[in-house]
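Residue numbers (full-length UniProt numbering), protein chains in the order written: chain A, 1 to 187; chain B, 1 to 187. Even for Gly, the Cβ is constructed at its ideal location relative to N, Cα and C. All values reported here derive from a predicted model rather than from experimental measurement. Reviewing the structure listed below.
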DNA sequence: CTACATTCTAACCGCGCAGTTAGAATGGCT
DNA sequence: AGCCATTCTAACTGCGCGGTTAGAATGTAG
């Protein structure tokens with residue numbers, strides 16, 4: 001069946017993801033992607049169709065990676081503690097040399113506007129929905145909170161997570177730690 | 001002294017500011033600016049020098065507008081209450097028809113990367129520094145908090161504010177209200 | 001009324017971008 | 001070995017961007 005691909009899809013998507021994650025969609029050009037991924041435009045377009053297509057695959061890969069951390073919330077039997085641990089794990093994921101990269105989904109949320117690609121919006125919404133669902137369900141099941149309370153706290157934690165994402169790009173580790181501790185003080 | 005300008009600078013800066021605020025720096029083209037400001041490229045460049053120059057003037061105008069709200073924190077004699085009120089006032093400032101515009105400074109913070117114009121970075125840093133300073137000083141003076149505590153709480157509130165900025169662009173009013181109430185629960 | 005500094009109009013420029021394509025290189029088939 | 005579908009290389013295209021500029025329009029000062 002003819003020639004074989006000289007790269008592994010997941011490998012090049014991972015490289016693209018890191019570039020998009022750090023630089024954002026707009027500030028990542030195809031030139032940079034070619035260089036970072038080690039393949040050229042033709043290969044990118046024949047495999048992913050478009051820059052958007054590659055971005056979506058990067059989002060999916062990120063969701064997959066973070067999905068592992070989310071599963072750990074579900075595995076715990078104290079939701080509040082597990083979510084707090086998740087916040088700290090996220091910090092480790094975001095951390096680079098010096099300032100953090102933020103949450104790739106959070107960065108995307110901040111970059112997109114009304115006329116963004118619907119597939120991209122969908123990925124972001126799905127992630128937010130899934131995470132909120134886990135927060136809410138675990139608070140309900142593991143900590144026995146009332147439904148109304150659990151929902152409100154899940155909303156609160158979701159927004160706090162968005163803040164942590166942005167903050168991780170400009171704040172010191174001790175400021176971020178202090179932030180997380182304060183978030184959970186009232187719960 | 002020759003011909004007079006057919007527009008008032010602050011008027012056109014205000015229009016530019018709203019465009020930058022809603023669409024961000026990158027997604028605002030000079031074409032849009034010409035249309036919205038009602039003057040053409042030549043006038044923009046002769047008055048502001050560059051797109052960056054106009055953006056910086058927009059940031060300054062925004063800081064001036066928000067500065068009024070910050071003064072109200074200083075005028076109060078209960079820092080926590082006044083800061084909470086500031087959060088709600090910000091929501092009104094951000095609100096549009098439907099979802100909010102966020103904080104213009106916060107949006108800028110999320111958009112810029114390492115190689116952004118230094119003048120822009122400076123505006124953002126100045127704003128953050130000023131706001132943190134007011135939070136910290138007021139908590140110290142009006143609520144008699146210890147210096148270490150006041151600083152930690154000021155950091156916490158600063159990051160919460162960043163979160164509120166992003167969240168105001170994607171969350172409902174009741175979610176945002178719930179968020180603010182939770183932020184201040186622990187203080 | 002004239003002179004002239006300044007603003008405005010509108011056409012223009014070079015650049016980097018996302019996306020395309022012709023043709024060479026490759027390697028699993030029979 | 002040789003076919004041929006597929007991948008790869010590299011040059012190309014059209015477009016919108018930020019930014020520039022010549023020349024017409026305008027208003028004040030003498």
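Find out if the Cβ-Cβ distance for the pair residue 192 of chain A, residue 157 of chain A is shorter than 8 Å. Beyond the ends of chain A as shown, which are 1 and 187, falls residue 192 of chain A; an answer cannot be given.
Is the shortest distance between the beta-carbon of residue 66 of chain B and the beta-carbons of chain A less than 8 Å? no
Apart from the five residues just before and just after residue 154 of chain A, which ones in its own chain have a Cβ nearer than 7 Å to its Cβ? 132, 135, 136, 139
With distances taken from CA atoms, which of A/185, A/61, A/12, A/3 is nearest residue 38 of chain A? A/12
Consider the Cβ of residue 139 of chain A: report whether some Cβ of chain B lies at a distance smaller than 8 Å. no
Counting along the chain, where does the alpha helix (DSSP H) carrying residue 3 of chain A start and finish? Note, residue 3 of chain A: premise wrong, no alpha helix (DSSP H); not H, not E.
Residue 181 of chain B, enclosing alpha helix (DSSP H) - first and last residue: 173-185
With residue 136 of chain B as the anchor, note down where its alpha helix (DSSP H) starts and where it stops. 118-141
Taking Cβ-Cβ distances shorter than 7 Å, what residues in chain A pair up with residue 26 of chain B? 26
With DSSP as the reference, label residue 15 of chain A as helix, strand or coil. helix
Return the Cβ separation of residue 105 of chain A and residue 127 of chain A in integer angstroms, given the expectation that the two are a contact with Cβ distance under 8 Å. 5 Å
Can you list, in chain order, the residues of its chain whose CB lies under 8 Å from that of residue 170 of chain B, leaving out five sequence neighbours each side? 99
Nearest to residue 148 of chain B (by Cα), restricted to the options A/159, A/31, A/151, A/175: A/175
So that I know if they touch, is there some Cβ in chain A lying closer than 8 Å to that of residue 170 of chain B? yes
Can you give me the start and stop residues for the alpha helix (DSSP H) that residue 159 of chain A sits inside? 147-167
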